[in-house]
Ligand SMILES: NC(=O)c1ccc[n+]([C@@H]2O[C@H](COP(=O)([O-])OP(=O)(O)OC[C@H]3O[C@@H](n4cnc5c(N)ncnc54)[C@H](O)[C@@H]3O)[C@@H](O)[C@H]2O)c1
């Protein structure tokens, strides 16, 4: 018996958790009682160390493992899941959060831009879904897989052609995975946030300001609630999706945008 089996709800992996939404999800799942595996690319190692210190200080009974891996590389995602199983003996929740954006008009978007965005956001998510599912099926007691779509996966947005294409793709992947994995007791959903205060959104705001716009004000104006979201809002949604009470929700990309877009 591993030490995690005594008081842990299970083991949760969050990719791209050195900052932003992934960071908040990891903290929230630790608060909920999960041992957490935080992941990002090598260049974010110091941030991951800080996240680990934060979680350990707030929730000393929780175990935190850092695994560096680039989600675009299949062998690294396979290795990530193997490291989790070696350390904890099981995997219960996998949040494929890592993502990137390129903010450019369609006519300035290069083939390399397009490929790099699809590589992280689509291929990376595919790798995560595949190896998480393989492990959960082998364990035989179900699981929760969650991806990162976007409001930009529900409707087109200027300056975000590759990003929108990638986030629509995450929805397709999520629906297909839900259909194939449901009979194994595994639900597969995605969060589809509107504007959430992170460095990614700051990148979009910067592009808007350069064109004499103000994305923050525009998004507030378009929203029903009159404010932007924060990373904890997404953590709250994930916190519910991983519960047993969410067992009948699968294949969904759940909009969380303060009422900008209605499915
Ligand atoms: N912030 C928003 O408004 C918003 C809205 C909708 C969707 N999202 C999505 O939510 C997710 C998190 O967004 P965020 O705003 O926190 O972004 P962020 O840029 O703050 O954080 C993303 C993290 O992913 C990591 N990452 C990038 N490529 C990686 C790779 N190949 N392998 C492993 N890790 C990698 C980055 O290093 C970074 O730490 C993304 O998928 C994003 O597309 C964000």
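Residue numbers (my numbering): 1446 to 1708.
Beta carbons are placed, not taken as given, at the ideal position from N, Cα and C, and that holds for glycine.
Under the rule that 16 or more other beta-carbon atoms within 10 Å means buried, what is residue 1488, buried or exposed?
Residue burial annotation: residue 1488 is exposed, with fewer than 16 other C-beta atoms found within 10 angstroms of its C-beta.
Identify the continuous beta strand (DSSP E) that holds residue 1700 and give its terminal residues.
1698 to 1701
Quick one: using the 10 Å Cβ neighbour count with 16 as the cut-off for buried, is residue 1552 buried or exposed?
Counting the other Cβ atoms within 10 Å of the Cβ of residue 1552 gives fewer than 16, which makes it exposed.
Quick check: what's the CA-CA separation for residue 1705 versus residue 1531?
43 angstroms
When burial is assigned at 16 or more other CB atoms within 10 Å of the CB, is residue 1659 buried or exposed?
Exposed, since its Cβ has fewer than 16 Cβ neighbours within 10 Å.
Excluding the 5 residues flanking residue 1650 on each side, which residues of the same chain have their C-beta closer than 7 angstroms to its C-beta?
1660 and 1661
Could you tell me the distance, in whole angstroms, from the CA atom of residue 1621 to the CA atom of residue 1482?
26 angstroms
Are the region 1520 to 1540 and the region 1486 to 1504 touching by the rule of at least three beta carbon pairs closer than 8 angstroms?
no
Who pairs with residue 1632 in a beta bridge, going by DSSP?
1589
When 1522, 1518 and 1548 are compared against residue 1419, the one with the closest alpha-carbon:
With the chain running from 1446 to 1708 in the structure shown, residue 1419 is simply not present.
Short Cβ contact (8 angstroms threshold) for residue 1597 with residue 1616:
no
Let me know if residue 1539 comes out buried or exposed under the rule of 16 or more other beta-carbons within 10 Å of its beta-carbon.
buried
Nearest-angstrom beta carbon gap, residue 1562 and residue 1543 [assumed within contact, 8 angstroms]
Not a contact, Cβ separation roughly 12 angstroms.
Nearest-angstrom beta carbon gap, residue 1694 and residue 1619 [assumed within contact, 8 angstroms]:
With 8 angstroms as the limit, residue 1619 and residue 1694 do not qualify as a contact, their Cβ atoms being about 12 angstroms apart.
Between the alpha carbons of residue 1702 and residue 1679, how many angstroms are there, rounded?
10 angstroms
Using the rule of at least 16 other Cβ atoms within 10 Å of the residue's Cβ for burial, across every protein chain shown, is residue 1613 buried or exposed?
buried
Straight-line CA distance for residue 1689 to residue 1657?
47 angstroms
Residue 1455, DSSP secondary structure in three states
strand
So, helix, strand or coil for residue 1485, using DSSP?
In the structure shown, residue 1485 falls within a strand segment according to DSSP collapsed to helix, strand and coil.
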